[in-house]
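Peer 1:
Numbering (the working numbering), first residue to last: 18 to 315.
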């Protein structure tokens, strides 16, 4: 399906070759070398961190690698992180929370790298936005979350729940009667939120639905499946390579263009560090639909 996403765009003059990166770092590195031998000046992919590191190490320094991973720690030494990172989501929802005067914020995260990166992102943003951030809570029993929040000094204005796994809904239900604004990350966009009353009124970061809709419809027509963020990244990455190819700028300097780029997931701009700045929308969950209530730019 990702190959289909890559093929939906296009334009005159620049072809895109697709190489299977397999399932291991070694296979990904071999595919990258084959791509460079075939004349590639820029590589888009892979998704997973171990493969991305192997690819960057396998190709000449002047060949930039744009990984669709959301792991910001990968950035640097010719490796550019294109995925929607925890920092992108936090920037979008916390900026809106601050604008709406929701400044007492708690964050509940899972154990592991994603949770740690989400906490780090929120901690970095809070002073800039005038948010009073409570001590992070690593998820435990949803039934005890109300008491855990009360121990932090009473009910907060908002709770940020970035992870969208099987434990999200029980936490949302446990918080639904506490008059707390729920905040979520772009991971929430893959869920059927509008069918669960516990999410009614929640805000979450997401691709701009107006930008994403034409791609979503084309992808559904071609595959019979819903387009997710990875499909959108694949499309945007392919179009990025085509655009820079037509301009003769498939290079680090081309990637780091100050004006940035516009994609189906929203506007973005690469930094010299290998990180990517992204503009995301903020959606509010309604009864059967979503409303666009805010957005960030780059």
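We treat Cβ as the ideally placed atom computed from N, Cα and C, and that holds for glycine.
Tell me which residues share the same chain as residue 301 and place their Cβ nearer than 6 Å to its Cβ, disregarding the 5 neighbours each side in the sequence.
Peer 2: Excluding its 5 nearest sequence neighbours in each direction, residue 301 has C-beta neighbours in its own chain below 6 Å: 220, 308 and 310, listed in chain order.
Peer 1: Restricting to Cα atoms, I'd like to know which of 130, 57, 288 and 119 is closest to residue 270.
Peer 2: 288
Peer 1: Over the uninterrupted beta strand (DSSP E) stretch that includes residue 279, give me the two end residues.
Peer 2: 278-280
Peer 1: Let me check one thing: in DSSP terms, what residues is residue 97 bridge-paired to?
Peer 2: Per DSSP, 83.
Peer 1: Hey, would you say residue 258 sits closer than 8 Å to residue 59, going by beta carbons?
Peer 2: yes
Peer 1: Should residue 243 be labelled buried (16 or more other beta-carbon atoms within 10 Å of its own) or exposed?
Peer 2: exposed
Peer 1: Can you name, in chain order, every residue of its own chain whose Cβ lies under 6 Å from the Cβ of residue 216, other than the five neighbours on each side?
Peer 2: 189, 210 and 302
Peer 1: Helix, strand or coil: how does DSSP classify residue 292 here?
Peer 2: coil
Peer 1: Please state whether DSSP places residue 259 in a helix, a strand or coil.
Peer 2: helix
Peer 1: Taking 8 Å as the limit between beta carbons, can you name the residues of its chain near residue 20, skipping five residues before and five after?
Peer 2: 35
Peer 1: Might you give, ordered along the chain, the residues of its own chain that have their beta carbon closer than 6 Å to the beta carbon of residue 175, omitting 5 neighbours on each side?
Peer 2: 114, 119, 122, 198 and 200
Peer 1: Locate the alpha helix (DSSP H) running through residue 124, then write down its first and last residues.
Peer 2: Segment 121-126 is the beta strand (DSSP E) holding residue 124; no alpha helix (DSSP H) there.
Peer 1: Within 10 Å of its beta-carbon, does residue 77 have 16 or more other beta-carbons around it, so buried, or fewer, so exposed?
Peer 2: exposed
Peer 1: Note down the Cα distance separating residue 292 from residue 142, rounded to an integer number of angstroms.
Peer 2: 16 Å
Peer 1: Short of 7 Å in beta carbon distance, which residues of its chain neighbour residue 186, apart from the five on each side in sequence? Order them along the chain.
Peer 2: 213 and 215
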